[in-house]
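Down below is the structure, laid out as structure tokens.
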Amino acid sequence: MENQNPHQKFEEVYHAHVKAIFRFVYFKVSDYETALDITQETFLKFWKALYKGQVVKNPKAFLFFIARGLVVDYYRRRDHRTHVPLEQIEGLIFTTDDLDNKLDKERQISQLFAKLHELREDYQDILILYYIEEVEVPDIAEIVQKTENAVRVLIHRALKELKGKL
Amino acid sequence: MNDNELIEKLKQLKKLEPSQKTLAVLESRIKAGQAMPAPSLKEKLGTLVRRLQTRPVLAAGALAVCLLVVATVTERNLVLPQAQLLWDRTEIALAPNRFEKAKLALELSQKQLYALQSTKNQNLALQLTYLSQAASQTDGYVRALNLKGEPGKYTMAQCLAVYRTYGNYLDTLKGTIQNRLSSVSDQRTQAQLQSLLSKTSQYEQGVDSKLRQYPD
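Here the protein sequences line up with chains A and B, keeping their order.
The first sequence stops at residue 168 when you use our numbering, and every number in between is there.
The second sequence stops at residue 240 when you use our numbering, and every number in between is there.
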């Protein structure tokens with residue numbers, strides 16, 4: 003993998019993680035154009051790293067780390083956060099085989115999405131990464147720059163807080 | 025709602041995926057952005073270092089260049105004279121006629137003699153080798169001169185001046201070698217000096233016989 007052509011490696015990583023990165027960013031910023039911009043910038047930073055010959059051992063963690071940092075920068079510039087209901091956001095589609103209960107499930111998910119947005123940022127990040135994107139604890143520790151134990155504690159607390167809001 | 029139910033609901037959020045249109049927009053934007061700007065000098069150096077780390081042959085070549093630079097800086101007396109010698113020899117080879125060749129060869133021999141005079145005992149063997157080669161080459165070119173000169177190239181007077189300069193040079197060379205012989209204890213170097221002294225005497229005899237052919 004390390005000896006791969008940068009273009010091949012980029013293509014491979016891009017197709018493996020683009021959906022997850024876009025979803026993560028979208029959940030965080032709730033704005034289609036911003037999500038596109040941040041996702042684009044995230045992958046271009048990854049491409050730049052490959053182009054410069056940098057060895058990226060864990061591309062998934064690298065991408066989430068970059069995306070998270072860009073989201074933080076975005077909010078730092080805006081000074082306030084907005085929440086857009088799930089029904090109103092464009093560019094994401096609900097994919098399920100259970101068509102009979104599709105509307106009901108969408109409603110439940112929309113409610114959960116709204117409650118998730120009420121949590122503090124680090125709790126949101128941890129829950130999205132661990133339960134939605136299924137990132138392993140050591141990788142999350144790398145992304146959020148905390149110890150694995152701290153991450154486990156955060157997962158527990160974030161879940162408890164989200165449960166309390168429902 | 026218990027924890028497991030909540031976790032299952034959270035996992036449902038993964039079923040929200042970017043649409044095909046969104047993916048297409050993203051892909052086209054990223055492809056456009058992949059046309060990288062020219063990297064800065066710092067980035068180029070960083071890239072070079074990383075590439076050297078993964079390519080041992082290239083790294084060995086770069087190391088050799090670095091060592092040559094370090095050797096040039098720290099051992100100027102050893103490396104620079106060799107480069108200069110190569111240049112001087114090329115210049116002699118390219119000279120237009122035997123008179124110019126003889127003059128340049130004599131200049132080179134004089135340089136080698138000055139170098140020997142300013143060298144203590146460090147690199148003495150190498151210096152003697154260069155000097156011996158230069159003296160031999162000069163003798164060959166000077167002997168090849170036509171004593172009466174060659175039309176359009178050099179006159180008899182110019183040839184005589186070269187012979188006299190060469191004679192003086194051989195005289196100084198002989199004295200320098202004799203001085204060295206008394207200060208050097210290494211047998212190999214002594215043998216080198218003796219050999220050069222013997223050659224110098226032969227060259228001197230040759231010059232004397234030529235000079236005798238000139239009218240007073």
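Glycine residues also receive a C-beta, built at the ideal position from the N, C-alpha and C atoms.
Flagged as an interface residue toward chain A: D27(B), by a C-beta distance shorter than 8 Å. Contact annotation: in the segment 32-59 of chain A, residues whose CB is within less than 9 Å of a CB in chain B are Y34, A37, L38, D39, T41, Q42, E43, F45, L46, W49, K50, Y53, K54, G55, Q56, V57.
Assignment of Y53(A) by DSSP, reduced to helix, strand and coil, places it in the helix class. Minimum Cα-Cα distance from A18(A) among the listed residues G55(A), H119(A), L156(A), F66(A) corresponds to F66(A). Of all alpha-carbon atoms in T162(B), A86(B), L221(B), the one lying nearest the alpha-carbon of D112(B) is that of T162(B).
Secondary structure at T179(B): strand, using DSSP grouped into helix, strand and coil. For the set A143(A), E144(A), K47(A), V57(A), the Cα lying nearest the Cα of N7(A) is the one of V57(A). Residue pairing by DSSP leaves G191(B) without any beta bridge partner. In the structure shown, the three-state DSSP call for P42(B) is strand. Under DSSP, G57(B) forms no beta bridge with any residue. Residue environment: P239(B) is assigned as exposed (fewer than 16 neighbouring CB atoms within 10 Å of its CB, all protein chains considered).
Here E174(B) carries a strand assignment [DSSP, helix/strand/coil].
Only residues of its own chain outside the window of five on either side were considered, and among them L76 have a CB closer than 6 Å to the CB of A83(B), listed in chain order. The C-beta of T149(A) comes no closer than 8 Å to any C-beta of chain B. For G85(B), no chain A residue has a Cβ inside 9 Å of its Cβ, as the nearest lies near 18 Å away. The Cβ atoms of K11(A) and L46(A) lie no closer than 8 Å to each other.
For I157(A), the enclosing alpha helix (DSSP H) stretches over residues 150-167.
Taking the CA atoms as reference points, S209(B) sits about 16 Å from L221(B). Taking a beta-carbon distance threshold of 8 Å, S209(B) does not count as an interface residue toward chain A. With 16 or more other CB atoms across the displayed protein chains lying within 10 angstroms of its CB, S32(A) is buried. Excluding sequence positions up to five before and after T189(B), its CB lies within less than 7 Å of the CB of L130, all in the same chain and listed in chain order. Here the C-alpha atom of K59(A) lies approximately 26 Å from the C-alpha atom of Y28(A). Between R204(B) and the set K172(B), G164(B), K144(B), A86(B), the nearest pair of CA atoms involves K144(B).
Taken in chain order, the members of the segment 110-138 of chain A whose beta-carbon sits within less than 7 Å of a beta-carbon on chain B are Q110, I111, L114, F115, L129, Y133, I134. Taking C-alpha positions only, D39(A) is separated from A107(B) by approximately 58 Å. Think of a sphere of 9 Å around the beta carbon of Q134(B): no beta carbon from chain A falls inside it, the nearest being about 53 Å out.
For F26(A), not one C-beta of chain B is nearer than 8 Å to its own C-beta. Per DSSP, E135(A) lies in no alpha helix (DSSP H) and is assigned neither H nor E. Counting C-beta atoms within 10 angstroms of its own C-beta, D127(A) has 16 or more neighbours from the protein chains shown and is therefore classed as buried.
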